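Participant: Residue numbers (my numbering), protein chains in the order written: chain G, 5 to 485; chain R, 48 to 443.
Backbone N, C-alpha and C define an ideal beta-carbon position, used for all residues, glycine too.
Treat the numbers as computed from the prediction; the structure is a model and nothing was measured.
Structure provided below as structure tokens; questions to follow.
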């Protein structure tokens, strides 16, 4: 292995998975068969989650773990194979949500599930003082009767690199060999493969073996591999002389399913969470390529709770995926033109309120005349905390949503809509509050918050209009932890 | 702050005629034929006045369906055979309440002697998704609507805050529905002219908790108009009702920007101004038409208009005081709940009911001895409100 020319170390790791799980048995019950070996369940994204929103969650956790402020980021390397829009950089969404500076070096990695490894390799060798953020996020989809579709999971993981990060990348190896057809997604289609078992195994085994140097796999606590299912990677690892037990220590595929480019980074986060110190991280991508990293990560802080808490049956899982929806109905949505929406991004992503320069009252959004005193002197920006208190609320039942939320409701059912009161810490010690209307994401109506309950903001998809996906903060009931 | 109302009172304004179409679903009608029918009824009710006497027209409409978003006013006055200058007034559900206020200003200022003020809406020729789109266009677009709120949702939020604040019984919502349907069942112009039981209302499908389907008004087609005229014209026509006071107020379009969720400040301020102009108070009102787009809105109106103390609206409706045989009958027409809610027509339609009550033309709904009426018309969730106080000939 060649060592990267870098001084950056890993300062924090974060991982995120949606709360919903669909079991393999649920598929067997519905279809009498299940084609994805080694998978007990898969993570199913909520109707308003996508690779961007999951990346925001994972990045936020990684930054928290590293105790790094998004405003200090020098570079963001985002990896995903399932972005909803191509021909448009996805990184500005993430950068805005994290309040990254305008000169942040924004890079996108896609094309195969090795993208997460490519992002990490690039980030580690970026000639920046740091901090640098790597995020890999995927919400895989495939035809429902295919192994890929039945294995399709979702999740995201982030790694923050800094000059003095305690996690050291001791080695890095790459390999490439031409193996077309093991996994691909035709334009506009679903992820699929030819399913030629021995060929797939040879492709993975060959590039993995070549990227790993002799002896490098010894004395590692865990091996975090790209895992499209729970069988192929073990066979490939065997060919590369890697111990199956070390692979099992870092696997998330059995519970989260195929998480695409996020898979090896999720495995890395999971392994660190279980106490592993020395980890081999191998990002394999069809085509085929492989990036291998040997990481000494003993003292790297991790925020990675990946447990689900809501089990979906097969029909529900397909409903969340959108199988039974036909999109936004005719009749039009609320017409908030894209340029108008863009002006509000600091509020959509980060809940920027304003303190009136005349009377000091907090105002949301911070524009126009102050509703308290009528002054037009402008506002000093105040970022609201992530947790607020419900002061007025209701639940919009299925069938009751405005047209632009009909598709979401077809997929995930009733949602709450509430007015949430936020009380930021006041500089002068005086207590000030401001109210913000937020949609409340619910797994079921029983979760609906009551007046006085705490809710926490999360970044979600608002809706697609004119082909443009719009994101913004919503609220979820706050567990208080 | 607005100038004191006495400083702008010049001459009196009177309602000298009022008429409306039935409210309901009329696939054979258009917005223009409906408005023309309402004008026919209005002119007919005004004795010797005819179309040529109308100096000016103000027409309220939201424009649901987008059928004639530009120049809808001239489009309908042309259809009604009026050749006077016409102005469209848009304040969501309070459009024609404000049109009447414009008419009062025109007459009081001396700019006009006879003004037609009315409104229309056609809402039932859309599929349900398109209807929901149009119903939502008066919500606060950028934040409230993008939080997934509908109008029922926004009023449900107010209900949640109200019942929490006063630890009040949500059964009051169903009592409002029962009362208004009982009144609407006596109104041949009502869209939903049937009675409903308390259980019907309470146990109906939940639209936005705690509001059930029976706590929500329907979407309706319809048109209504009144003729507002000077005292000299009123003396000639007879059967005139004096507009003793009119007050209006605006507020934040979005609920979340207001100081309170347990009242509608615009209603309170509009009422204060109307009472002051009329020199009366809530105790002096004999009959009222209030904006009950959702049952919670009628409860809030009782308190905002001063009919009872804060938190006591449930007790007021439960006492029967606002029933048609009570001390202060509210929504004798059936209200928006039962009579219907063709958005642009609603405010004018309320004044039609008040006019009929004060001129003893309300038929089976007649409140004996009613001499002073109040109408209360709200736009959106309270971004605009207008309150009008009308006095019959024998008013003390």
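1. Mind listing the chain R neighbours of residue 419(G)? Cutoff is C-beta to C-beta under 8 Å, in chain order.
2. At 7 Å on the CB atoms, spell out the chain R contacts of residue 397(G), in chain order.
3. Alpha carbon to alpha carbon, how far is residue 383(G) from residue 442(G)?
4. Residues of the stretch 303 to 320 of chain R in Cβ contact with chain G at a cutoff of 7 Å, in chain order, please.
5. Using a C-beta cutoff of 8 Å, does residue 370(G) count as contacting chain R?
6. Is it true that the stretch 163 to 170 of chain G meets the stretch 124 to 134 of chain G, where meeting means three or more beta-carbon pairs spaced less than 8 Å apart?
7. Whole beta strand (DSSP E) runs in the stretch 119 to 194 of chain R with 3 or more residues, listed along the chain?
8. Would you please state the rounded distance, in angstroms, between the beta carbons of residue 135(R) and residue 171(R)? I believe it to be under 8 Å.
9. Give the residues of chain R in contact with residue 442(G), contact being defined as C-beta atoms less than 7 Å apart.
10. Whole-angstrom Cβ separation of residue 418(R) and residue 438(R), contact assumed at under 8 Å?
11. Just mark residue 325(G) as buried or exposed, buried being the case when its beta carbon has 16 or more other beta carbons within 10 Å.
12. Is the beta carbon of residue 438(G) sitting closer than 8 Å to the one on residue 357(G)?
13. Measuring CA to CA, which of 233(G), 188(G), 62(G), 176(G) is closest to residue 40(G)?
14. List, in order along the chain, the chain G residues whose C-beta lies closer than 9 Å to that of residue 255(R)?
15. Would you give the residue range spanned by the beta strand (DSSP E) that residue 296(R) belongs to?
16. Residues of the stretch 207 to 219 of chain G with a CB closer than 7 Å to any CB of chain R: list them in chain order, please.
17. Within its chain, find whatever has a CB closer than 8 Å to the CB of residue 307(G); leave out the 5 residues flanking it on each side and keep chain order.
18. Please name the residue in 181(G), 322(G), 351(G) whose C-alpha comes closest to that of residue 478(G).
19. Out of curiosity, what's the CA-to-CA distance linking residue 200(R) and residue 185(R)?
20. For residue 311(R), which residues of its own chain have a beta-carbon under 7 Å away from its beta-carbon, when the five flanking residues on both sides are left out?
21. At a CB-CB cut-off below 7 Å, which residues of chain G make contact with residue 176(R)?
22. Unbroken beta strand (DSSP E) runs of length 3 or more, entirely within the stretch 321 to 380 of chain R: which are they?
23. From residue 481(G) to residue 467(G), what distance separates their C-alpha atoms?
24. Which residues in the same chain as residue 3(G) place their Cβ atom closer than 7 Å to its Cβ, once the five residues preceding and following it in sequence are excluded?
25. Taking 8 Å as the threshold (beta carbon to beta carbon), is residue 199(R) in contact with chain G?
26. Answer with buried or exposed for residue 55(R), where buried requires no fewer than 16 other C-beta atoms within 10 angstroms of its C-beta.
27. By Cβ distance, which residues of its chain are closer than 8 Å to residue 250(R), with the 5 residues on each side in sequence left out?
28. Identify whether residue 34(G) lies in helix, strand or coil by the three-state DSSP scheme.
29. Leaving out five residues on either side along the sequence, give the residues of the same chain with a beta carbon under 8 Å from the beta carbon of residue 377(G).
30. Please look up how many angstroms separate the CB atoms of residue 417(G) and residue 452(G), rounded, as I've assumed it's under 8 Å.
31. According to DSSP, is residue 238(R) helix, strand or coil?
32. Can you say whether residue 200(G) is buried or exposed, counting buried as having 16 or more other CB atoms within 10 angstroms of its CB?
33. For the alpha helix (DSSP H) holding residue 269(G), just list the boundary residues, first then last.
34. If we count the other Cβ atoms within 10 Å of its Cβ and call it buried at 16 or more, is residue 4(G) buried or exposed?
35. Of the residues 292(G), 251(G), 76(G), 119(G), which one's Cα is nearest the Cα of residue 272(G)?
36. Take residue 72(G) as the anchor and find which of 143(G), 167(G), 346(G) has the nearest alpha-carbon.
Facilitator: Let me spell this out:
1. Looking up residue 419(G) in the first chain gives position 415. Those within 8 Å of residue 419(G) in chain R are 195.
2. If you number the first chain from 1, residue 397(G) lands on position 393. By Cβ distance, chain R contributes 204, 207.
3. Walking along the first chain from the start, residue 383(G) turns up at place 379. Walking along the first chain from the start, residue 442(G) turns up at place 438. Looking at the two C-alpha atoms, the distance is approximately 22 Å.
4. 303, 304, 308
5. Start at 1 with the first residue of the first chain, and residue 370(G) comes out as number 366. Output row for residue 370(G): interface = no.
6. yes
7. 133 to 136, 161 to 168
8. Locating residue 135(R) in the second chain gives position 88, counting from the first residue. Locating residue 171(R) in the second chain gives position 124, counting from the first residue. Contact between residue 135(R) and residue 171(R) fails: their C-beta atoms lie close to 21 Å from each other, not under 8 Å.
9. The residue labelled residue 442(G) in the question sits at position 438 within the first chain. Under the 7 Å cutoff, chain R gives 194.
10. Taking the second chain and counting its residues from 1, the one referred to as residue 418(R) is at position 371. Taking the second chain and counting its residues from 1, the one referred to as residue 438(R) is at position 391. The Cβ separation is near 7 Å, so the contact holds.
11. The count along the first chain starts at 1 and reaches residue 325(G) at position 321. Residue 325(G) is buried by the Cβ-count criterion.
12. Sequence index remark: in the first chain, residue 438(G) carries index 434 (1-based). Sequence index remark: in the first chain, residue 357(G) carries index 353 (1-based). Their beta carbons are under 8 Å apart, which means residue 438(G) touches residue 357(G) by this criterion.
13. On the first chain, residue 40(G) is found 36 positions in, with the first residue counted as 1. Closest option to residue 40(G), Cα to Cα, is 233(G).
14. Taking the second chain and counting its residues from 1, the one referred to as residue 255(R) is at position 208. Result: 398, 399, 400, 401, 404, 421.
15. As a working note, residue 296(R) is residue 249 in the second chain. From DSSP, the beta strand (DSSP E) with residue 296(R) extends over 288 to 297.
16. none
17. Taking the first residue of the first chain as 1, we reach residue 307(G) at position 303. Here the set comprises 16, 17, 18, 19, 65, 66, 68, 69.
18. One-based indexing of the first chain puts residue 478(G) at position 474. Of the candidates 181(G), 322(G), 351(G), the one whose C-alpha sits nearest the C-alpha of residue 478(G) is 351(G).
19. Taking the first residue of the second chain as 1, we reach residue 200(R) at position 153. Taking the first residue of the second chain as 1, we reach residue 185(R) at position 138. Each residue's CA atom was taken as its position, placing residue 200(R) and residue 185(R) some 13 Å apart.
20. Working through the second chain from its first residue, we reach residue 311(R) at position 264. Same-chain partners within the cutoff: 347, 351, 425, 429, 432.
21. For this step, residue 176(R) is matched to residue 129 along the second chain. Here the neighbours are 333, 334, 335, 407, 410.
22. 334 to 336
23. Residue mapping note: residue 481(G) aligns to position 477 of the first chain, counting from 1. Residue mapping note: residue 467(G) aligns to position 463 of the first chain, counting from 1. If you take the alpha carbons of residue 481(G) and residue 467(G), they lie about 21 Å apart.
24. Since the first residue shown for chain G is 5 and the last is 485, residue 3(G) is missing from the structure and cannot be characterised.
25. Position 152 of the second chain, counting from 1, holds the residue named residue 199(R). Interface residue, yes.
26. If you number the second chain from 1, residue 55(R) lands on position 8. Unreliable positioning characterises residue 55(R) in this predicted model, as indicated by a pLDDT of 49, which lies under 50. A coordinate reading is not provided.
27. Within the second chain, residue 250(R) is the residue found at index 203, counting from 1. Cβ within range, chain order: 259.
28. The residue given as residue 34(G) occupies position 30 in the first chain. Of the three classes helix, strand and coil, the one that applies to residue 34(G) here is helix, per DSSP.
29. Taking the first chain and counting its residues from 1, one reaches residue 377(G) at position 373. Excluding sequence neighbours, residue 377(G) sits near 360, 362, 363, 365.
30. Within the first chain, numbered from 1, the residue matching residue 417(G) stands at position 413. Within the first chain, numbered from 1, the residue matching residue 452(G) stands at position 448. Cβ atoms of residue 417(G) and residue 452(G) stay farther apart than 8 Å, at about 12 Å.
31. Start at 1 with the first residue of the second chain, and residue 238(R) comes out as number 191. Note: residue 238(R) maps to coil in three-state DSSP.
32. Along the first chain, one-based indexing puts residue 200(G) at 196. By the C-beta density criterion, residue 200(G) is exposed, having fewer than 16 other C-beta atoms within 10 angstroms.
33. Reading the first chain from its first residue, position 265 is the one you call residue 269(G). 267 to 277 is the span of the alpha helix (DSSP H), which, as asked, contains residue 269(G).
34. Absent from the structure is residue 4(G), since the part of chain G shown begins at 5 and ends at 485.
35. Start at 1 with the first residue of the first chain, and residue 272(G) comes out as number 268. Minimum Cα distance to residue 272(G) is reached at 251(G).
36. In the first chain, the residue the question calls residue 72(G) occupies position 68. Comparing Cα-Cα distances from residue 72(G) to each of 143(G), 167(G), 346(G), the minimum goes to 167(G).
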